[in-house]
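What follows is a short report on a single structure.
4 protein chains.
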Amino acid sequence: MRLETFSDAVIAIAITLLILEIRVPHIEDASPVELWEELRALWPNYLGFLISFITLGVMWANHCVIFRYIARTNHVFTLINLFLLLCIAFIPFPTALMADYLGHPAQEVGLIVYSGTFVITAVAFNLVWIYASNGNRLLDPAADPKAVSSISRRYLIGPPAYLLAFILAFFSATASLVVLIALTIAYVIPYPGR
Amino acid sequence: MRLETFSDAVIAIAITLLILEIRVPHIEDASPVELWEELRALWPNYLGFLISFITLGVMWANHCVIFRYIARTNHVFTLINLFLLLCIAFIPFPTALMADYLGHPAQEVGLIVYSGTFVITAVAFNLVWIYASNGNRLLDPAADPKAVSSISRRYLIGPPAYLLAFILAFFSATASLVVLIALTIAYVIPYPGR
Amino acid sequence: MRLETFSDAVIAIAITLLILEIRVPHIEDASPVELWEELRALWPNYLGFLISFITLGVMWANHCVIFRYIARTNHVFTLINLFLLLCIAFIPFPTALMADYLGHPAQEVGLIVYSGTFVITAVAFNLVWIYASNGNRLLDPAADPKAVSSISRRYLIGPPAYLLAFILAFFSATASLVVLIALTIAYVIPYPGR
Amino acid sequence: MRLETFSDAVIAIAITLLILEIRVPHIEDASPVELWEELRALWPNYLGFLISFITLGVMWANHCVIFRYIARTNHVFTLINLFLLLCIAFIPFPTALMADYLGHPAQEVGLIVYSGTFVITAVAFNLVWIYASNGNRLLDPAADPKAVSSISRRYLIGPPAYLLAFILAFFSATASLVVLIALTIAYVIPYPGR
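Shown next, in the form of structure tokens:
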């Protein structure tokens with residue numbers, strides 16, 4: 027299905043473009059110590075790269091999971107999936123914004139935009155699945171209803187979790203970041219039955 | 027068919043590169059209010075990202091539609107499709123030009139180039155379909171002639187619509203932009219029978 | 027065959043990255059006339075984009091042609107194809123170099139490097155085909171020997187043609203550019219039997 | 027398998043983005059001799075491009091080899107493969123760092139980070155294979171055990187070889203670079219039985 031190849035390509039590009047936002051520091055005749063210092067100061071950029079890469083990577087893995095159940099496509103579904111890809115393609119911008127202002131007076135702005143983008147992306151992901159699975163609209167008739175509803179429940183955790191990080195960002199950039207990091211770690215912990 | 031994979035890849039890359047044209051504003055020790063202000067000032071860039079992403083995304087969806095009817099390929103067809111991909115790969119440049127000059131004295135230039143690129147791209151898209159469908163040259167013999175001529179009619183609306191935005195740009199950047207936004211919205215409104 | 031998908035992806039990315047080398051001119055409060063002037067001054071960049079895009083696009087089409095005859099692959103063949111992809115991935119750099127110095131005192135340098143890169147790329151393309159077709163090493167046993175040797179003859183024109191542009195670049199940047207443009211035009215002229 | 031397409035795409039993008047780190051030198055009205063001089067001074071960038079492109083290209087070829095034996099996938103395996111892709115997507119950054127500081131006082135820093143990244147990437151590659159092949163967890167039951175253990179042995183050379191380059195980098199940037207170049211050359215020498 028070209029919808030899958032195209033989604034794979036957009037996610038792969040967005041995930042790989044993230045590295046372009048980490049720029050090599052340029053200091054004339056830096057000593058090794060100075061360069062190490064500059065590289066250490068880029069930690070918010072490494073962190074943003076890690077969070078965004080892992081979040082999008084796991085979202086790609088979940089996209090594969092739901093498409094194992096989806097058997098058909100239609101124009102509305104293509105548009106909803108395009109909206110998800112639009113959110114994903116946008117992510118390198120808030121990632122760079124968050125990283126560039128972390129530790130600066132305006133760091134809350136970066137975290138509001140960054141976590142807010144994740145809220146919308148998680149909603150978009152759920153829209154893709156809900157549209158396809160609602161009344162088995164586009165699912166393979168042989169799809170196990172229990173597996174389908176278990177998937178639905180699992181993905182519904184995303185939007186409120188990111189909403190929490192979004193709301194926290196207005197009060198404390200650190201608290202918001204901690205939630206985002208915790209979510210990222212939760213994604214990569216294998217649990218039984220997965 | 028490698029023609030489809032290659033087209034998917036070029037469109038996916040062009041669509042995702044658009045984000046590189048939105049750059050994080052850099053202000054030393056900006057206050058949150060100042061950074062919000064700077065982010066708000068980037069609205070032409072968000073708008074350009076949205077218009078170009080949706081236009082190319084819907085063009086990709088239409089590319090999928092016509093390739094469901096196309097069964098064969100030849101060297102001339104490959105070249106015409108390459109011409110379409112050339113237009114698509116070019117779009118990040120006029121998008122950035124339009125966005126960077128919107129609200130500045132030279133904004134009409136940006137809109138002339140931006141809408142002009144869409145005119146040529148829409149013509150290229152029609153050339154791909156007309157070459158393939160004319161006398162059923164490359165179509166699946168089983169293709170429904172009614173569906174084929176309905177597709178032909180629908181896509182022929184593109185070039186004159188963009189031509190209108192192009193002509194308006196010489197008189198009013200705003201009017202041209204309104205037409206481009208209206209076209210983008212029209213693309214994503216689902217209508218019965220689609 | 028993953029070799030084909032991977033080649034498609036690298037060529038699609040190289041061809042689309044070319045646009046990043048055309049940068050939007052930034053002039054404070056430019057009048058429309060001044061911006062048009064600046065955009066006109068970028069013509070070497072548009073020309074470089076066109077030549078490189080069409081050359082790589084046609085090379086991709088030819089890559090598809092030869093892989094219709096290739097039935098097997100091995101490690102050496104993979105490495106030779108990687109060498110071709112390395113040349114292709116390199117092309118955005120000489121394209122930008124040529125475009126940025128055209129019309130400046132050092133323009134010959136740009137054309138020497140640009141046409142030189144095409145010489146090596148054309149040689150790499152021929153190596154891919156010669157390694158595969160020599161003694162039918164990797165070809166489909168059913169491949170028509172006449173078609174195979176006709177392809178071999180056709181692609182052998184590439185290296186000496188680019189070598190001519192390369193040698194001319196040492197004497198006249200214009201003459202070298204004219205040869206490159208002529209070659210690009212020759213690629214897109216359909217001729218009978220193709 | 028979408029895991030393969032997605033990996034192909036990420037590797038293809040990372041490998042092609044490398045060229046964006048080689049920037050055209052801009053000197054006002056440079057004479058040909060001056061421009062040649064500037065281009066010659068970019069040799070660490072060409073070298074970094076070559077080493078990273080060939081290393082990732084050969085890693086892609088090896089990824090194809092091991093996936094010929096892998097018949098199934100699961101969530102943990104997807105995450106391990108994502109970790110490998112994360113390392114690969116990161117490589118343009120240390121490549122640029124190494125190239126930009128080679129010949130400068132802080133060149134050891136560049137080589138420590140560059141070779142260190144390759145150590146982690148080689149470990150990630152081995153994790154992918156070990157997880158899949160251990161107890162034939164994800165392998166095709168028909169996979170030849172001798173071929174499987176020969177592959178395991180061959181890839182285990184990677185981490186200690188890069189570790190040597192990493193340790194040497196603390197004492198001599200040149201020695202570390204020589205090891206990296208030697209490894210790159212070793213990758214492209216065909217040997218009997220491959």
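Protein chains in written order, with this note's numbering: chain H, 27 to 220; chain L, 27 to 220; chain W, 27 to 220; chain F, 27 to 220. Where is the CB? At the ideal position from N, CA and C, for every residue including glycine.
Open item on the list: Taking the straight line between their C-alpha atoms, what separation do you get for residue 112/W and residue 88/W?
Closed with: 17 Å
TODO: Return the bridge partner residues of residue 165/W from the DSSP annotation.
DONE: 96/W
- [ ] Just tell me which of 175/H, 127/H, 102/H and 195/H has its CA closest to the CA of residue 92/H.
- [x] 175/H
Task: Any chain F beta carbon closer than 8 Å to residue 127/W - done: yes
Open item on the list: Let's test the definition: count the other Cβ atoms within 10 Å of the Cβ of residue 183/W and tell me whether it reaches 16, buried, or not, exposed.
Closed with: exposed
Task: 8 Å Cβ cutoff met for residue 136/L and residue 124/L - done: yes
Task: CB contact below 8 Å: residue 155/W versus chain L - done: no
Open item on the list: For residue 51/L and residue 67/L, I'd like the C-alpha separation in whole angstroms.
Closed with: 10 Å
- [ ] Just confirm the distance between the C-beta atoms of residue 104/F and residue 29/F, as a whole number of angstroms; I'd bet it's less than 8 Å.
- [x] 6 Å
Open item on the list: Less than 8 Å between the beta carbons of residue 72/H and residue 166/H, yes or no?
Closed with: no
Task: Residue-level contact to chain F via CB, residue 83/H, 8 Å cutoff - done: yes
- [ ] Identify the contact partners of residue 214/W in chain L, using a Cβ-Cβ distance below 7 Å as the criterion.
- [x] 105
Open item on the list: Taking a contact to mean a Cβ-Cβ separation below 8 Å, would you say residue 187/L touches residue 202/L in this structure?
Closed with: no
Open item on the list: Any beta carbon from chain W within less than 8 Å of residue 49/L's own beta carbon?
Closed with: no
Open item on the list: Counting only C-beta atoms, is residue 115/H closer than 8 Å to chain L at any point?
Closed with: yes
Task: Other residues of its chain near residue 74/L: CB distance less than 6 Å, five sequence neighbours each side excluded - done: 121, 124 and 125
TODO: Check each residue of the region 55-80 of chain H: if its Cβ is closer than 8 Å to any Cβ of chain F, include it; give the result in chain order.
DONE: 55, 56, 57, 58, 60, 61, 62, 65, 75, 76, 79 and 80
TODO: Please compile the residues from chain W whose C-beta is within a distance smaller than 8 Å of the C-beta of residue 31/L.
DONE: 31 and 34
Task: Given residue 37/L as reference, the closest of 160/L, 108/L and 98/L once Cα atoms are compared - done: 108/L
Task: Boundaries of the alpha helix (DSSP H) in which residue 50/F is found, first to last residue - done: Careful: residue 50/F lies outside any alpha helix (DSSP H) and carries neither H nor E.
Task: Contacts of residue 42/H in chain F (Cβ-Cβ under 7 Å) - done: 36, 39, 40, 43 and 115
- [ ] Would you list, in sequence order, the uninterrupted alpha helix (DSSP H) runs of no fewer than 4 residues that lie entirely inside the region 127-185 of chain L?
- [x] 133-159 and 171-181
Task: Contact list for residue 28/H against chain L, beta-carbon separation under 7 Å - done: 30, 34 and 90
- [ ] Check residue 206/H in the structure and name its three-state DSSP category.
- [x] helix
- [ ] Could you tell me which chain H residues have their CB closer than 8 Å to the CB of residue 46/L, listed as they occur along the chain?
- [x] 43, 46 and 118
- [ ] Determine the burial state of residue 86/L: buried for a count of at least 16 other Cβ atoms within 10 Å of its Cβ, exposed for fewer.
- [x] buried
Task: Min CB distance residue 52/L to chain W below 8 Å - done: no
- [ ] Report yes or no: is there a C-beta of chain H within less than 8 Å of the C-beta of residue 204/F?
- [x] no
- [ ] Can you give me the start and stop residues for the alpha helix (DSSP H) that residue 45/L sits inside?
- [x] From DSSP, residue 45/L is part of no alpha helix (DSSP H); its letter is neither H nor E.
TODO: State the Cα-Cα distance for the pair residue 54/F and residue 60/F, rounded to the nearest angstrom.
DONE: 11 Å
TODO: Counting only the same chain and skipping the five closest in sequence on each side, list residues whose C-beta sits under 7 Å from that of residue 41/W.
DONE: 79, 82 and 83
Task: Residue nearest to residue 189/H in terms of C-alpha spacing, selected from 205/H, 178/H and 200/H - done: 205/H
Open item on the list: On the CB-based measure, 16 or more other CB atoms within 10 Å of its CB, does residue 69/F come out buried or exposed?
Closed with: exposed
Task: CB contact flag (residue 48/F, residue 144/W, <8 Å) - done: no
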